[in-house]
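2 protein chains.
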Amino acid sequence: MFRSIFRAGLALALVAFAALAPASAQTADPLASWNDGPAKKAIVDFVAAVTTPGGPDFVPPAERIATFDNDGTLWPEQPVYTQLVFALDRIKALAPANPDWKDKQPFKAVLEGDMAALMASGERGGVELLMASHAGMTAAEFSRIVEDWIAKARHPRFDRPYTDLAYKPMVELMAYLRANGFKTYIVSGGGVEFMRPWTERVYGVPTEQVIGSIIKTRFQMRDGRPELFRLPQVEFIDDGPGKPVGIAARIGARPIAAFGNSDGDIEMLQWATMSGRRGLGMLIHHTDAGREYAYDNQAQFGGIAKALEAAAVNRWTVVSMKDDWKTIFAFDK
Amino acid sequence: MFRSIFRAGLALALVAFAALAPASAQTADPLASWNDGPAKKAIVDFVAAVTTPGGPDFVPPAERIATFDNDGTLWPEQPVYTQLVFALDRIKALAPANPDWKDKQPFKAVLEGDMAALMASGERGGVELLMASHAGMTAAEFSRIVEDWIAKARHPRFDRPYTDLAYKPMVELMAYLRANGFKTYIVSGGGVEFMRPWTERVYGVPTEQVIGSIIKTRFQMRDGRPELFRLPQVEFIDDGPGKPVGIAARIGARPIAAFGNSDGDIEMLQWATMSGRRGLGMLIHHTDAGREYAYDNQAQFGGIAKALEAAAVNRWTVVSMKDDWKTIFAFDK
């Protein structure tokens, strides 16, 4: 009984929704999470300019390429990079099978939660942790490990899955650009195989449009099946000047819009905006300690100060999360 | 007067064409350059199987990925690789600015047309030629050099631009796969920047779907403009076991169909067909000395014998150009 009433109500609701949908779709703001202001205006004006046929800044759809940094641009990078959290969790999970780690840095520091000793292990320590957690299995196995982890792990402050923390205004922006004929790419210093299991679901970006750092893999046959085995060796670092290099190698065409948040994005924004034709460069500035984080510079994230300077020189739009974003996360309000 | 009659005739012709088009489109064979036989049947059966919703071999469109070797698979590799012809032409063009090349191998051999001395310079000589011809300029400059060269150079036997030599059956096959929801990628041992200037026009494959060997590039500012400078250092060789590695790094998903012609394609075909789900592996066998070339093995091209053996073991379809292809080039007949 309850069920059939429920069904009738649902059917009515669907009819009502279908009747309303076309009108609301026409009037809905595709950038509803952006406050009116210079940042939103810069986006809308740029898209209008490059999509107006016959206009001086018109760009054919095939050349409408937009590239997005990930950490700090599409989701938080605080209190530490998500991929580093993953690496530390992996080390803990692998510790029983590696008893020597109890007395060996940087593993000892991870297992004892000794951040000072961890930091003291420096870049070499970081690479050792990265390799121990990211190599030594097949690409398919690693994908499954990432999928399992990202389904369960929760951000320490927001107590939600990391994939819930995609910035709503950026997800809207990517969809808005795609609706206007753009291809949207992620171009991150993070590992490409760490991002691909969830980028389509979270950002609408398919695997082949995810560019990132890569470790070496070896093709091999095992039990009559081909597999790609992940080796403890870095193949390519997709950060800083590596970003335009990665874009050229993988896309083979130059973006006209680029979005970042730190010094490691400067070259990508230069590449997108200093070509002689109209480009859009945008820096996400973390100014909202209440709803997310506020930081102007922090060594762990490679710095922001130079990017802000470059933004002033190159007329890139600086987005203040506090002022320009009505909503930050989909779960807000 | 002539012009207006011409226009009226053109208008009539367009009307007639528009009236005919739907009918002819329905009846036209998308693989018209393929003779009926096991190869054509293997293609049609495979496509039907993976595109039939609810069928046991159905593959969703997003996972329909097909990868194609280029040299010897999509266009001729005889009498030598086209990119090698390009390299030798570049050395000759650059010789006046490099007077020391007159007495220095392997350049001396190139300038004197001394093939024996050239071969004697071995792999090291080959790399030196490649680097002298392919590095030392920006990526944009190199693209223009390739475009200029490919517009003028002619194949020694067919006396036509190399881009006229795309195999018509393979161009049809790529279009047929795309019409059935596939994404078609080129995965070549050749340099990615050598192919991208013309792959869209010739094969319908956009730059971001061209995977190939890569040399190192450096991001730099010159006169206030960012540029990518090509360095004389190999970054990645997209051949043999490198093909699945390149596919994984760039596409991030596994192909279900792969097309090659030599030992350097074995791993790519293994990767595409030995996944547990239905796959199509196909080897183009050069059996037509009259219309193209006939060769069963040739050291210059890395061998074919092992690929033919692997085809027998793995049930890959071997295409005999003589028997399976009605037409080889668009300019035939």
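Taken in sequence, the protein lines are chains B and H.
Residue numbers for the first sequence follow our numbering, so the first one is 1 and each next one is one higher.
Residue numbers for the second sequence follow our numbering, so the first one is 1001 and each next one is one higher.
All C-beta atoms in this analysis are idealised placements derived from N, C-alpha and C, irrespective of residue type, glycine included.
Counting only beta-carbon atoms, is residue i nearer than 8 Å to chain H?
i, result
"arginine 196 of chain B", "yes"
"methionine 274 of chain B", "yes"
"leucine 228 of chain B", "yes"
"isoleucine 150 of chain B", "no"
"isoleucine 186 of chain B", "no"
"threonine 51 of chain B", "no"
"alanine 153 of chain B", "no"
"proline 30 of chain B", "no"
"arginine 146 of chain B", "Note that residue 146 of chain B is valine in the sequence shown here, rather than arginine. It does not: the Cβ of valine 146 of chain B has no partner Cβ on chain H nearer than 8 Å."
"arginine 124 of chain B", "no"
"alanine 337 of chain B", "The structure shown does not extend to residue 337 of chain B, since chain B is modelled only from 1 through 333, so no value can be given for it."
"valine 318 of chain B", "no"
"valine 192 of chain B", "yes"
"valine 202 of chain B", "no"
"arginine 225 of chain B", "yes"
Going by DSSP in three states, residue i sits in which element: helix, strand or coil?
i, result
"proline 169 of chain B", "helix"
"phenylalanine 58 of chain B", "coil"
"leucine 1177 of chain H", "helix"
"aspartate 1265 of chain H", "helix"
"alanine 1025 of chain H", "Reliability fails at alanine 1025 of chain H, whose pLDDT of 49 lies under 50, so the model's placement of it is uncertain and the value that follows must be treated cautiously. Alanine 1025 of chain H: helix per DSSP, three-state reduction."
"isoleucine 237 of chain B", "coil"
"glutamine 220 of chain B", "strand"
"leucine 1228 of chain H", "strand"
"methionine 1137 of chain H", "coil"
"leucine 280 of chain B", "strand"
"tryptophan 1316 of chain H", "coil"
Would you report the Cα separation of residue i and residue j, rounded to the nearest angstrom?
i, j, result
"leucine 88 of chain B", "threonine 217 of chain B", "22 Å"
"phenylalanine 1182 of chain H", "threonine 1067 of chain H", "10 Å"
"isoleucine 1247 of chain H", "serine 1213 of chain H", "12 Å"
"glycine 125 of chain B", "aspartate 324 of chain B", "39 Å"
"leucine 231 of chain B", "glycine 136 of chain B", "6 Å"
"arginine 64 of chain B", "proline 255 of chain B", "7 Å"
"valine 245 of chain B", "methionine 1115 of chain H", "36 Å"
"lysine 1306 of chain H", "alanine 1257 of chain H", "19 Å"
"proline 1061 of chain H", "alanine 1049 of chain H", "13 Å"
"arginine 178 of chain B", "methionine 1274 of chain H", "35 Å"
"proline 1161 of chain H", "alanine 93 of chain B", "59 Å"
"alanine 153 of chain B", "tyrosine 295 of chain B", "24 Å"
"proline 1226 of chain H", "valine 1318 of chain H", "47 Å"
"leucine 173 of chain B", "proline 241 of chain B", "25 Å"
"alanine 311 of chain B", "asparagine 297 of chain B", "15 Å"
"methionine 268 of chain B", "alanine 1028 of chain H", "47 Å"
"glutamate 77 of chain B", "valine 1202 of chain H", "44 Å"
"arginine 1222 of chain H", "glutamate 1141 of chain H", "14 Å"
If you measure from the beta carbon of residue i to each beta carbon in chain B, is any gap under 8 Å?
i, result
"phenylalanine 1219 of chain H", "yes"
"isoleucine 1214 of chain H", "yes"
"proline 1156 of chain H", "no"
"threonine 1082 of chain H", "no"
"threonine 1207 of chain H", "yes"
"alanine 1087 of chain H", "no"
"valine 1127 of chain H", "no"
"alanine 1139 of chain H", "yes"
Cβ atoms of residue j and residue i: under 8 Å apart, would you say?
i, j, result
"arginine 250 of chain B", "glutamate 1208 of chain H", "yes"
"serine 1033 of chain H", "lysine 1168 of chain H", "yes"
"aspartate 288 of chain B", "isoleucine 328 of chain B", "yes"
"leucine 1228 of chain H", "alanine 1139 of chain H", "yes"
"alanine 1109 of chain H", "serine 1121 of chain H", "yes"
"glycine 260 of chain B", "leucine 283 of chain B", "yes"
"lysine 243 of chain B", "aspartate 263 of chain B", "no"
"alanine 175 of chain B", "proline 56 of chain B", "no"
"leucine 941 of chain H", "proline 1099 of chain H", "Beyond the ends of chain H as shown, which are 1001 and 1333, falls residue 941 of chain H; an answer cannot be given."
"proline 197 of chain B", "serine 143 of chain B", "yes"
"tyrosine 1293 of chain H", "histidine 1286 of chain H", "yes"
"phenylalanine 46 of chain B", "leucine 280 of chain B", "yes"
"glycine 1190 of chain H", "aspartate 1071 of chain H", "yes"
"lysine 1333 of chain H", "asparagine 1035 of chain H", "no"
"phenylalanine 1331 of chain H", "aspartate 1159 of chain H", "no"
"threonine 51 of chain B", "asparagine 180 of chain B", "yes"
"isoleucine 1215 of chain H", "histidine 1134 of chain H", "yes"
So, under 8 Å CB-CB, residue i and residue j are touching, yes? Tell me the CB distance rounded to an integer number of Å.
i, j, result
"alanine 97 of chain B", "leucine 111 of chain B", "The pair is not a contact, with the Cβ atoms about 13 Å apart (cut-off 8 Å)."
"methionine 1195 of chain H", "valine 1210 of chain H", "5 Å"
"aspartate 69 of chain B", "valine 187 of chain B", "6 Å"
"isoleucine 91 of chain B", "leucine 129 of chain B", "6 Å"
| Residues of the stretch 238-270 of chain B whose Cβ lies closer than 7 Å to any Cβ of chain D, in chain order | Any reference to chain D falls outside this structure, whose protein chains are B and H.
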